[in-house]
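Trainee: What follows is a single structure, and I will ask about it in a moment.
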Amino acid sequence: MNEATNKTLTATVKSFESGTEPDGWLKCEGQMVYIGDQTALFSLLGTNYGGDGRASFGMPDLRNEDGDYFIYTLAFFQD
Numbered sequence: 008m009n010e011a012t013n014k015t016l017t018a019t020v021k022s023f024e025s026g027t028e029p030d031g032w033l034k035c036e037g038q039m040v041y042i043g044d045q046t047a048l049f050s051l052l053g054t055n056y057g058g059d060g061r062a063s064f065g066m067p068d069l070r071n072e073d074g075d076y077f078i079y080t081l082a083f084f085q086d
């Protein structure tokens, strides 16, 4: 399935099999991300999970949950 027909919304969080990092997804480990690299995701998350809001923002930290959790980063917004 390609991204045009996928319809996964930006910032959707999903668990994937351990050791897997699918294209278009970032692991939710509380890391800081450069806003310029993920502007669509920043527009939705803001600084709710950290960062300075000028150069960086934080990802949710779901390392204490079961499995590996990822957040969808490609820009797709529901009309």
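Be aware that the sequence shown starts at 8, since it is given in this note's numbering, and climbs by one per residue. Positions of the beta carbon are idealized from the N, C-alpha and C atoms, including for glycine. Here the structure is a predicted model, which means the values were calculated and not measured.
Look at the alpha carbon of R70 and the alpha carbon of L51, and state the distance between them as a whole number of angstroms.
Mentor: Separation of R70 and L51 (C-alpha to C-alpha, rounded to the nearest whole angstrom) is 21 Å.
Trainee: Less than 7 Å between C-beta atoms, sequence neighbours within five positions excluded: which residues of the same chain meet that for A62?
Mentor: Y41, I42
Trainee: So the candidates are L33, F23, G37; which of them puts its Cα closest to the Cα of T17?
Mentor: L33
Trainee: Any chance you could list the beta strand (DSSP E) runs of at least 3 consecutive residues sitting entirely within the stretch 34-77, in chain order?
Mentor: 39-41, 63-65
Trainee: May I ask which residues mark the beginning and end of the beta strand (DSSP E) holding S25?
Mentor: Per DSSP, S25 belongs to no beta strand (DSSP E) and is neither H nor E.
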